[in-house]
Amino acid sequence: MKRFLCFWWLAALSLTCFAQEQKTITGTIRDEATGNSIPAVTVAVKGTKVAVGTDATGTFRIRTNNANPTLVFTSVGYEPKEVAYSGTDAITVSLKSKNSALTEVVVTAFGQRQATSKLPYASQQISSAELAKAPSPNVLNSLQGKLSGVRIDQGTGGAGSSSRIRIRGNTSLSGNQSPLFVIDGVLIKPEVTGPETWSDNNNVDFGNILKNINEDDIESVSVLKGSAASALYGSGAQNGVILITTKKGRAGSGLGVSLNVTQMWDKAYKGPDLQYEYGGGIAPFQKDADGNNILDPDWSPYYDFGPKYEGQMIKDLDGRIRPWAPYKVIDYFKTGSQTDYNVSMQGGTERSSFRASYSKNLTDGIIPNGARFDRNNFFIRGTQKIGKIFDIDATITYTQTKNKNPIRQVSNYNPIFRFNYYRASSIDWNYWINNFTNKANGGRISGAADDPYNLGLFLWSTYNNNQSSDEDNLRANVDLTTHITPWLTLLTRGNLSNYNTKIEKKFLGDGANYTNGYYGLYINDRKSYRFQGLLTASKQISSDFQGSITVGAETNKDQRNDIIDMQTNGGLNPTNPFYFNLNNGINPPSFIAGHPIYNPSKLTDAIYTYGDITWRDMLTVTYSVRNDYNSTLIVANGTGDYSFVYPSVGASFIFSNLLKDKPGFNFLSFGQLRASYGVTGKDYDPWKLNQVGNYAIGGTDEVVNNGAGVTTVPHIGFTSATLPNKSLKNEKTKEYEFGTNLRFFDNRLGIDFTYYNKNTYNQILELPVSPEIGANTALFNVGQIRNQGIEILLNAVPVRTKNFSWNFNVNFTRNHNTVVSLADGVTSRDLLDAFGNDVRALAEPDKEYGAVYSKYSFAYYQARDANGNPIDNPSNGKRVLGSPPNGSDGYTFLRAGDYAAGLSQDHYLGTIMEKFLAGTYQTFRYKDFSLNVQVDAKVGGLMASGTHQYGSSNGAFSFTLPGRDKDHGGIEYTDGNGVKQEDGIIPDGVFADGITSANGTDLGGMSYKDAYDQGLIAPKPAWQYYEDLTQWSSGIREFSVFENSWVALREVSFGYNLPKSVSSKLKINNLRVTLIGRNLTYLWKNAKGGINPEGLSSNGPAAFAEYGGVPYVRNIGFSINADF
Amino acid sequence: MFKNIIIVYIGCFLLWGCEKSSFVNANIDPTVAYSVNPESQFLNGSKHIFSNDFEAYYETYRDIMPWLQLTTPSAGNSKNFTASSNPFGRYDNLYGRGGGSELYDVNVAISKLESPKKETYQQLGAIARILLDYEAFYVSDIYGSIAYTEAFKGRYTLEFTVPFDSQQDVFNAIDADLKSAIQGIKTAPAGQFALGNYDQFYFGDASKWIKAANGLRLRIAMRMMKVDNAKASSIIQEVLSSPADELMSDNTDSWTLKAPPSLTSGGNFNPDGLRAPKAIADFMVNNNDPRIRIYFTKNSYSLENFNLAKAQGKLNANAVFVDQRYIGSFASPDASDDAAIEAQYYTTKQITKGAGTLNLDTLSNINPRIYQVAFNGGTGTQYIPLITYADYCLMRAELGFNGINSDDPEPWYTKGVIASIEYYGKMAQDGMFLDYYLETGAGLQVAAPTQTEIDNYLENPAVKFDLAIGLDQIISQSFINFFKEPNEAWALVKRTGKPDNTSTLQMEKLLYNGSELQIPRRAPRNLPPTSDINFENINAAFTEMQSNPDYGSGPADISGRVWWDKK
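Protein sequence lines, in the order shown, are assigned to chains A and B.
Counted the way my numbering counts, the first sequence spans residues -16 to 1107.
Counted the way my numbering counts, the second sequence spans residues 28 to 594.
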């Protein structure tokens, strides 16, 4: 690999050796209207082949032999301009922008650059300049809120963890809903990562392949949202396509060396809304013989209903005398940092260009011993014209990433969860964090005497269970363009992606002398390649007609490879418990999940044709047809469908051209109507079709040997309890889209409106069958999912003067993600569970995707007559109180599932899908200063919070304050022992039928309040009230399932371009300093209990639960870009 | 030149090709096979039917055993312990977890073999049916109607629904199938496939499967005695008139799954903390039953611990050591709730011993390795008895006593008691049961019962056969023998109403607030939602069962009765 990179460096450098000339002219090019500098303007010396381009800051440097040259400036979107040499070697040139709507160019399928005015579908592209305003180690996070029709949820495990991206809703009820990513022609299919359901181990999210993408090298990110836009990607395109184009080298003034340094600090500024008024226990302090305040070992570690914090001194459970004071969760987190360096070198001539860059991103997370992310990224791109016929464009990206100890999620090991869930705020964490090791023997403290708060395991594993993921990702692409005739070109493209992951788990033994250590090793080396050929004819057919047509083909293969997943057994060797190696286990190492495990192979070939024809620059009609040949639906015996057709058609009509010279329509600068229809699809999981219904070989079964002892026989048995379906079809999405793009007042105001209706058919689902037939599920090819919505982009330039400008952008997205139908007789399908399966997100016909149901919701009273028939009663519909089957302290709210057969026991609580998304991006520029502000919002959609539920049981949350004592509205009463208490609460509900008071009065249907007023029942102690409401055995999960809407102040950046006069003195071509703030605060949110609204534990399509999550983290820092 | 370039390119494209075979190959998982050897499926089915630790934990430890006074939770039974049940696991073993479909697949796999190889699997085919019949009976026993005649076929026909059969039909069909399976074994041509270790019951001895099948026919017939006496009697006559070598004759004929420790190592198999029950413990103590050390652990009151407790003032100074270490827990909630009993039996005393402290527990536990040989690092063989020779003897004793056949009950009773003691002795030896002390968690391996112990035991008046109380004795000994077959203990009580608080083995009366608790009689069932793919069939089956007035208030009523459990 090293040698290979070396070669590329040399090859690229050799391109820079171009001839020296006599005269040197430098200059800056600005937009005539806004004064903004313009990058990528071609500057040529008229009558020669000498040409350069302007750099990111609009400056150029050109040399010529010509004594009185005329310079020609051309740039996409601007009127060309010629400037004759006037004796000045440093010039400033202003260009007048063309009608931008007509000249805007975006990258579309297969990397074509197309004028947006000709596109029959909505398009949106984010440029490197926009990304650079507030960079993030995760490119998806930089896109959040900027795109219409796209929802992005940031990952919560740290810099490397996966973010979720969803374009125009969910199309499928199974598998990954991530769009296809195409980076310079390399197809990337990101995986779902991160824990989804509870398991009490070290769940972390190491993230998917997207963490290896380096923002510094990106020229543009283009989003193909609709099916007509993405149809050329066929079976991979159902969820949309994200096209990433990397930067090309170009000639500029100066050395062509750029240096970017970004330094950010990550501050955890807020946790959930916890109370710090009361400490551990449920009763006042006891006193010991010496008069010390002492703690109750059974209660004080766990419950937060104990004595008020009033500066008392106490004798802790381990005998230390210390002040009675809370430990604030937020104090556990440290300030993290993100450092990003990028050095790049670029140059070019008319016939060649190169760009080479090295980036390093180092992120140190906010948890102790955790979330450290270290990425090294090498990038080279070179282009060369060979003769008149060939153009070569080659790119290589190599990334090494090391990701250590992402924040653990969905388990007792998550810090926020651990600090809340049955751990009192009075625990002296500051002490225990430094005293959890068994100093005498090694290992961790344990047992009531040494570890009275039972913190040893959590702290030990936090500091001594190290997990890291090392990744290597190589992407290489070569495009060879052959100009066969002026109107006929052939593009051949070959690329590969090698993605190697190694995950190591090094758990230092927590037993005495470090016994019980563990080492786990996972290695997964994925390889895929793609070859593509495109023959394009493009011609002005007549004066009115211009058109192009392309035919092409490709082959794309994910290769099979072994996954190694092994672990030590029986602890690590006691002679060297610090040596983490598979051979250092006490017992032989073993494969974790059977063996062999493979990454399955998959082959997709395709042939296609596409083209367009334009009439008088006004009406463009486009078409595409792709025929996919896909291996995933072909059966081992050769039957099965493997050929699928994906067509699209579209039209764009620039009606403003008709009104061009009509008086009264001057206000309209541009008007486009567009319509398109496209078909995309989704294939099946590779190999799966040949697994179901057959037999799995591998491993052994233990048997008793006839005689004595245990021996083994080779294993073969059913692969699964799923029945096959040999005639599966691909999932198919048909989408039509209408839109308009209108610009007014000399392009000062623009609006782009899109309506789409996307229907996905033939869901490939495993659905339950009658287990008595000998299987639990079968494969079905059924159902319909609809996504229907609107996208609005609004942009305006309210102020545009030489010194000051204000750009105003708003985007708005409304998507209805409806499950139209499932299989006959199937009423729902589980998508994802929260709280075990107490709360489920389902697909249910006629409801939005992710319909949340729970039997653990509040039960509502229904009176009944003697025969059990429902009757009217004023108490009907009120929350029911009773004795839950799994235990509570007295009467509490009953769960719907435990109440009255015949009533709905599984309550619908709403959908996980948002009502709408909106974002606004404002840019202000004053001379060399610029200010960008981004606000984005998600409105609607349910979230389930384990932190909120279980953290409530012990009184950690501040909403558990009411009723605790007189000051907090507690009711006085005398308890069973004759002691006066003042922590009474009257639950707001009515008693279930059949409940009687101590004196035998029937309480059925009576409210607790009435019963209390009549002296039939005592108030419920506050701690029991809150615990019963939320604990494992009796808790109402609905209480912790809530709407999660927010408006976030996502980005603020303030930039300053050092004036040329100053920077040139510093021998710097350009210098820009930017102050950056990301994720600054929520302007509004409604998640309960201060739960982090963006704390989802995975990037799964239906993820809607958090379990611990992360605190609110804001990122503040600066960025310096210098061009030399 | 352009022409040449184009030709080269076209050539390249053609080389990639769209060959169908390359797509087929790309979609093939090399770890997948398209056929299976029948013996592997037989082993898979054998394991899956018995390895469900949810069945052990919920159904066995938390329901059947407490109801039948075979154990109690550590602090005794809760007030409503007979009112509701936990999920039952056995239904899943047969259907959802694959056990049944694997056993069924044995015969499908055999049918796909070519002759003459196919014929060499005739005995395995029959054996697989016998085991599947056992499990179907075991499920129907407490569930009533189940899918039997059409079950497991959908995997091959891709019919996703299946009709249910009534319990009467299931029992009759099983009986007929067992009969035909016996014929299948007997008529198999020479050169049968040697099952060896794939048969974890009889290790390939097909003749013993005939004995097992006959034992099962007898068991099913006895269930049907009240509801269909004629049919039951005819089956019994037919079975007992079989040649002697087709009936069990000693403990080597006992039908037992012998499994490696891994089969029951699942966490929910862990029986730690389950108490020895008072009624059985008392009976065994009073009569010096040598099985007591196999069934139960000793409590913590060794002489040493007793003296320490006394010296540390935890016991009364004039307390006297009694060497009685097997103390059972009260099954009746009123008893375990009684303050005096709670203080005496359910309260531990903490003493200092050596460097540490020790909680002295008055009560004995169930010997954990009887249910989980892997417990505490054990490596013995797990016995899971289906029908033992002792079961067979005691069935014949009961049948003889009741005059269903002409057997003299006494010798069958005595043989049954001896066989039971010896069976448990072998189980303990092979399973490496330990003579546990509660406080140490480890001990010596228990000794097998000696002949002297057995002889002495048989001489006890309560044990020595006495025709006047003969049936009571047969049932009492059957009940003790069923300690490791809780479902049979349950069926025995449902069938005979015995043992009770007046029988030789004197059980506790289960009282809560003075009223007697009735133990459940069947598994809870729930009508699935109408959207369930098999709703029609299930609904029909449930409706049919509900036409029996004894079925209870609804499918979920565990106090209701299935067909055979006639009042």
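All C-beta atoms in this analysis are idealised placements derived from N, C-alpha and C, irrespective of residue type, glycine included.
Contacts that Asp56 of chain B makes with chain A (C-beta to C-beta distance below 8 Å): One-based indexing of the second sequence puts residue 56 of chain B at position 29. Neighbours of Asp56 of chain B on chain A, chain order: Tyr581, Pro583, Trp670, Asn673 and Gln674.
Check distances from the C-beta atoms of the segment 677 to 690 of chain A to those of chain B and list, in chain order, the residues that come in under 7 Å. For the segment 677 to 690 of chain A, the beta-carbon criterion of a distance under 7 Å to any beta-carbon of chain B is satisfied by Asn677, Tyr678, Ala679, Ile680, Gly681, Asp684, Glu685, Val686, Val687, Asn688 and Asn689.
Please list, in chain order, the residues of the segment 275 to 292 of chain B that have any C-beta partner in chain A closer than 7 Å. Under the 7 Å Cβ criterion, the segment 275 to 292 of chain B contributes Lys285, Ala286, Pro287 and Ser289.
Backbone CA spacing between Ile565 of chain B and Glu755 of chain A [nearest angstrom]: Stepping through the second sequence from its first residue, residue 565 of chain B is reached at position 538. Stepping through the first sequence from its first residue, residue 755 of chain A is reached at position 772. Taking the straight line from one Cα to the other gives about 11 Å.
Any chance the segment 51 to 63 of chain A sits against the segment 105 to 115 of chain A, with 3 or more Cβ pairs inside 8 Å? Remark: fewer than three beta-carbon pairs, one from each stretch, lie closer than 8 Å, so the segment 51 to 63 of chain A and the segment 105 to 115 of chain A are not flagged as touching.
According to the neighbour-count rule (16 or more other Cβ atoms, all chains shown, within 10 Å of its Cβ), is Leu126 of chain A buried or exposed? Residue 126 of chain A sits at position 143 when you count from the first residue of the first sequence. Leu126 of chain A is buried by the Cβ-count criterion.
Collapsed DSSP secondary structure at Met422 of chain B in the structure displayed: Translated into the one-based positions of the second sequence, residue 422 of chain B becomes position 395. Look at Met422 of chain B here: in three-state DSSP terms it is helix.
So is Lys949 of chain A buried or exposed if we call it buried at 16+ other beta carbons inside 10 Å? As a working note, residue 949 of chain A is residue 966 in the first sequence. By the Cβ-count criterion, Lys949 of chain A is exposed, with fewer than 16 other Cβ atoms from all chains shown falling within 10 Å of its own Cβ.
Anything in chain A within Cβ reach of Leu70 of chain B, meaning under 8 Å, just list it in chain order. If you number the second sequence from 1, residue 70 of chain B lands on position 43. Chain A residues near Leu70 of chain B: Asp684, Val686 and Val696.
Residue range of the alpha helix (DSSP H) that includes His931 of chain A: Residue numbering aside, residue 931 of chain A sits at position 948 when the first sequence is read from its first letter. Residues Gly929 to Ser935.
Check whether the Cβ atoms of Thr37 of chain A and Val26 of chain A sit closer than 8 Å, and answer yes or no. If you number the first sequence from 1, residue 37 of chain A lands on position 54. If you number the first sequence from 1, residue 26 of chain A lands on position 43. Thr37 of chain A is a Cβ neighbour of Val26 of chain A, given a cutoff of 8 Å.
Chain A contact residues for Glu162 of chain B, given Cβ-Cβ distances below 9 Å: Indexing the second sequence from 1 puts residue 162 of chain B at position 135. None at all; the shortest Cβ gap to chain A is about 13 Å.
Could you name the residues of the same chain whose beta carbon sits closer than 8 Å to that of Glu425 of chain B, not counting the 5 residues immediately before and after it, in chain order? As a position in the second sequence, residue 425 of chain B is number 398, starting the count at 1. The answer, listed in chain order, is Met249, Pro436, Leu498, Ile501, Ile502 and Ser505.
Chain A beta carbons: is any one of them nearer than 8 Å to that of Glu82 of chain B? Within the second sequence, numbered from 1, the residue matching residue 82 of chain B stands at position 55. By this cut-off, Glu82 of chain B is not an interface position.
Return the first residue and the last residue of the beta strand (DSSP E) that Ser631 of chain A is part of. Here the question's residue 631 of chain A lines up with position 648 in the first sequence. Ser626 to Phe636 is the span of the beta strand (DSSP E), which, as asked, contains Ser631 of chain A.
Identity of the residues DSSP links to Gly383 of chain B by a beta bridge: Translated into positions along the second sequence, residue 383 of chain B becomes position 356. Under the DSSP definition of a beta bridge, Gly383 of chain B partners with B:Lys380.
Could you round the C-beta distance between Arg151 of chain A and Asn770 of chain A to whole angstroms and report it? I think they count as a contact, below 8 Å. Looking up residue 151 of chain A in the first sequence gives position 168. Looking up residue 770 of chain A in the first sequence gives position 787. Right, the Cβ-Cβ distance comes to about 5 Å (below 8 Å), so this counts as a contact.
Gln917 of chain A, DSSP secondary structure in three states: For the purposes of this step, residue 917 of chain A is taken as residue 934 along the first sequence, with counting starting at 1. In the structure shown, Gln917 of chain A sits in a strand (DSSP, three-state: E or B).
Closer than 8 Å by beta-carbon distance: list the chain B residues that pair up with Ala615 of chain A, in chain order. Translated into positions along the first sequence, residue 615 of chain A becomes position 632. In the sequence as presented, Ala is not what sits at residue 615 of chain A; that position holds Thr. Those within 8 Å of Thr615 of chain A in chain B are Asn54.
Have a look at Leu342 of chain B and Ile368 of chain B and give me their C-alpha separation to the nearest angstrom. Position 315 of the second sequence, counted from the start, is the residue given in the question as residue 342 of chain B. Position 341 of the second sequence, counted from the start, is the residue given in the question as residue 368 of chain B. Those two C-alpha atoms are separated by around 16 Å.
Return the chain-ordered list of same chain residues with a C-beta closer than 6 Å to the C-beta of Gly733 of chain A, the five sequence neighbours on each side being excluded. Here residue 733 of chain A refers to the residue found at position 750 of the first sequence. Excluding residues within five positions, the ones whose Cβ falls inside 6 Å are Arg726 and Asn778.
Leaving out five residues before and five after Val803 of chain A in sequence, what residues of the same chain have Cβ atoms less than 8 Å from its Cβ? In the first sequence, counting from the first residue as 1, residue 803 of chain A sits at position 820. Asn742, Gly766, Gln767, Ile768, Arg769, Pro828 and Asp829.
Name the two residues that bound the continuous alpha helix (DSSP H) containing Phe460 of chain B. Here the question's residue 460 of chain B lines up with position 433 in the second sequence. Careful: Phe460 of chain B lies outside any alpha helix (DSSP H) and carries neither H nor E.
At a CB distance below 9 Å, what residues from the segment 742 to 764 of chain A approach chain B? Give them in sequence order. From the segment 742 to 764 of chain A, only Leu750, Pro751, Val752, Ser753, Pro754, Glu755, Ile756, Gly757, Ala758, Asn759 and Ala761 have a Cβ closer than 9 Å to chain B.
May I ask you to verify whether the segment 76 to 93 of chain B touches the segment 112 to 131 of chain B, counting CB pairs closer than 8 Å and requiring at least 3? Cβ pair count under 8 Å is three or more, so yes.
Output, in chain order, the set of chain A residues within a Cβ distance shorter than 7 Å of Glu86 of chain B. By 1-based counting over the second sequence, the position of residue 86 of chain B is 59. Near Glu86 of chain B there are no residues of chain A at all, since even the closest Cβ is about 17 Å away, more than 7 Å.
With a threshold of 8 Å between beta carbons, is Ser505 of chain B in contact with chain A? Counted from its first residue, the second sequence places residue 505 of chain B at position 478. No, no contact with chain A.
Quick one: what does DSSP say Val1045 of chain A is sitting in, helix, strand or coil? Sequence index remark: in the first sequence, residue 1045 of chain A carries index 1062 (1-based). Helix, per DSSP.
Stretch-stretch touch, CB-based, cutoff 8 Å, three pairs: the segment 583 to 592 of chain B with the segment 548 to 559 of chain B: Yes, the segment 583 to 592 of chain B is in contact with the segment 548 to 559 of chain B.
Hey, how far is the Cα of Gly72 of chain B from the Cα of Thr291 of chain B? Translated into the one-based positions of the second sequence, residue 72 of chain B becomes position 45. Translated into the one-based positions of the second sequence, residue 291 of chain B becomes position 264. Counting only the Cα atoms, Thr291 of chain B lies some 15 Å from Gly72 of chain B.
Exposed or buried, what is Thr176 of chain A when buried is set at 16 or more other beta-carbons lying within 10 Å of its beta-carbon? The sequence position of residue 176 of chain A within the first sequence is 193, counting from 1. So Thr176 of chain A ends up on the buried side.
Could you tell me whether the segment 482 to 498 of chain B touches the segment 296 to 304 of chain B, using the rule of 3 or more Cβ pairs below 8 Å? The segment 482 to 498 of chain B vs the segment 296 to 304 of chain B: no contact.
For the segment 796 to 816 of chain A, enumerate the residues whose C-beta is nearer than 7 Å to any C-beta of chain B, in chain order. Answer set for the segment 796 to 816 of chain A: Gly808, Val809 and Thr810.
Assess, as a yes-or-no matter, whether the segment 694 to 704 of chain A is touched by the segment 648 to 660 of chain A under the definition of 3 or more beta carbon pairs within less than 8 Å. No contact exists between the segment 648 to 660 of chain A and the segment 694 to 704 of chain A.
Residue range of the unbroken alpha helix (DSSP H) whose run includes Thr184 of chain B: Here residue 184 of chain B corresponds to residue number 157 of the second sequence, with the count starting at 1. Per DSSP, Thr184 of chain B belongs to the alpha helix (DSSP H) from Gly181 to Thr184.
Output yes or no for whether 8 Å exceeds the beta carbon distance between Phe1110 of chain A and Gly722 of chain A. Residue 1110 of chain A is absent from the structure shown; chain A starts at -16 and stops at 1107.
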